[in-house]
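Some notes on the structure that comes next.
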Amino acid sequence: MAKTRPGKRDLDSYTIKGTNKVVKAGDCVLMRPSDSDKQPYVARVEKIEADNRNNVKVRVRWYYRPEESIGGRRQFHGAKELFLSDHYDVQSAHTIEGKCIVHSFKNYTKLDNVGVEDYFCRFEYKASTGGFTPDRVAVYCKCEMPYNPDDLMVQCEGCKDWFHPSCMGMTIEQAKKLEHFLCSDCSSEDEAKRSPSRFPVSPSVEPKVRILILDVLIFPAWAQFSSLIYSVKDYMSLHDYLSICHLG
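When the letters of the sequence shown are read in order and numbered with UniProt numbering, they come out as residues 1 to 248.
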């Protein structure tokens, strides 16, 4: 059974100074940075304890923003995206500025309105190596990029893939007015085989599944090429090249 260190006692909750907001273990919080020009840090509270002088400390598990990771921010990262890291720390509870909500990726995409307190996480991040779990993600569109929930995409009723309007030569305004959409590949097929009554296509038609390998962005031997890897096609080409050079 875990024991609290001498002079320490576990607390069930902590009320953020100057507010009536109560923080408990498992809650996500915003923590004040030492540099006032920076955004608040985001962390998940693992434990709350006080010493015999009633100084309250919180054990936290940090969330990293994409730009704080080894691979850096990429085009597909959302503005409110975070990575749950394996970096734990102990901080004074007085540095907690407020509470926030870190949604699963699926739940975040279902929000009608995204508030300032809303974030999302789809990857866990190993701070020491830059590795991700899961280490791959589905990609969409001709550009073969993972889904960024900040960007509008339209779904092809034929292949079921999703596309950025700009990649299809459309403006966002034009895309919003579409009643039906077929990508260039599907629209070039024999239209005689299609019937308007068949839209949308039966769920039995599976979308293409393509993936982006995330860890290739941070492998030391590949670091000099990381800015070139944005799609599966890029990955495969670089993989073949590095294999020949005995770097892969």
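Idealized CB from N, CA, C, for every residue including glycine.
**Request:** Give the straight-line distance between the Cα atoms of Thr95 and Pro134, rounded to the nearest whole angstrom.
**Result:** Numbered from 1 along the sequence shown, position 95 holds the residue referred to as residue 95. Numbered from 1 along the sequence shown, position 134 holds the residue referred to as residue 134. When rounded, the distance between both Cα atoms is 31 Å.
**Asked** Between the C-alpha atoms of Lys38 and Cys159, what's the straight-line distance to the nearest angstrom?
**Response** For the purposes of this step, residue 38 is taken as residue 38 along the sequence shown, with counting starting at 1. For the purposes of this step, residue 159 is taken as residue 159 along the sequence shown, with counting starting at 1. Spanning the two alpha carbons is a distance of roughly 44 Å.
**Message:** Less than 8 Å between the beta carbons of Gln75 and Met168, yes or no?
**Reply:** Walking along the sequence shown from the start, residue 75 turns up at place 75. Walking along the sequence shown from the start, residue 168 turns up at place 168. No. Outside cutoff.
**Message:** One question on the structure: do Val45 and Gly71 come within less than 8 Å of each other, judged by their Cβ atoms?
**Reply:** Here residue 45 refers to the residue found at position 45 when the sequence shown is read from its first residue. Here residue 71 refers to the residue found at position 71 when the sequence shown is read from its first residue. Against a cut-off of 8 Å, the Cβ pair of Gly71 and Val45 comes out as no contact.
**Run of the beta strand (DSSP E) containing Tyr119, from where it starts to where it stops** = As a working mapping, residue 119 is identified with position 119 in the sequence shown. Run containing Tyr119: 118 to 126, per the beta strand (DSSP E) assignment.
**Prompt:** Between Cys141, Thr171, Gly7, which lies nearest to Asp185 when the distance is taken from Cα to Cα?
**Reply:** Counting from one through the sequence shown, the residue named residue 185 turns up at place 185. That would be Cys141, whose Cα lies nearest to the Cα of Asp185.
**Prompt:** Is Pro203 buried or exposed, if buried means 16 or more other CB atoms sit within 10 Å of its CB?
**Reply:** Walking along the sequence shown from the start, residue 203 turns up at place 203. Note that Pro203 scores a pLDDT of 37, beneath 50, so its modelled location is shaky; the value from the coordinates is reported in the next line. Burial call: exposed.
**Item:** Range covered by the beta strand (DSSP E) that runs through Lys106
**Value:** As a working note, residue 106 is residue 106 in the sequence shown. Looking at the DSSP string, Lys106 is not in any beta strand (DSSP E); the run it does join, the alpha helix (DSSP H), is 105 to 109.
**Message:** Which same chain residues end up closer than 6 Å to Glu124 when comparing Cβ atoms and leaving out the 5 residues on each side of it in sequence?
**Reply:** Numbered from 1 along the sequence shown, position 124 holds the residue referred to as residue 124. Correct list, in chain order: Leu84, Thr133.
**Request:** Pull up the distance between the alpha-carbon of residue 253 and that of Asp12, whole angstroms please.
**Result:** Past the edges of the chain, shown from 1 to 248, lies residue 253, and the structure says nothing about it.
**Message:** So Gly98 and Val29 are supposed to be a Cβ contact under 8 Å. How far apart are they, rounded?
**Reply:** The residue you call residue 98 lines up with position 98 of the sequence shown. The residue you call residue 29 lines up with position 29 of the sequence shown. Contact holds; Cβ gap of about 7 Å.
**Request:** Indicate the three-state DSSP secondary structure (helix, strand or coil) for Asp89 in the structure shown.
**Result:** If you number the sequence shown from 1, residue 89 lands on position 89. Of the three classes helix, strand and coil, the one that applies to Asp89 here is strand, per DSSP.
**Request:** Kindly give me the distance between the Cβ atoms of Lys80 and Asp118, rounded to whole angstroms, as I take these residues to be in contact under 8 Å.
**Result:** The sequence position of residue 80 within the sequence shown is 80, counting from 1. The sequence position of residue 118 within the sequence shown is 118, counting from 1. About 6 Å; that satisfies the 8 Å criterion.
**Item:** Enclosing alpha helix (DSSP H) for Lys8 [first to last residue]
**Value:** Sequence index remark: in the sequence shown, residue 8 carries index 8 (1-based). Counting along the chain, Lys8 falls outside any alpha helix (DSSP H), though it belongs to the beta strand (DSSP E) covering 8 to 10.
**Request:** Apply the 10 Å Cβ neighbour rule to Pro33 and answer buried if 16 or more other Cβ atoms are within range, or exposed otherwise.
**Result:** Position 33 of the sequence shown, counting from 1, holds the residue named residue 33. Exposed, because fewer than 16 other Cβ atoms sit within 10 Å of the Cβ of Pro33.
**Message:** Let's see if you can read the secondary structure: which residues bound the beta strand (DSSP E) around Ala175?
**Reply:** As a working note, residue 175 is residue 175 in the sequence shown. Segment 172 to 176 is the alpha helix (DSSP H) holding Ala175; no beta strand (DSSP E) there.
**Asked** In this structure, does DSSP put Cys143 in helix, strand or coil?
**Response** Within the sequence shown, the letter at position 143 stands for residue 143. Correct three-state label for Cys143: coil.
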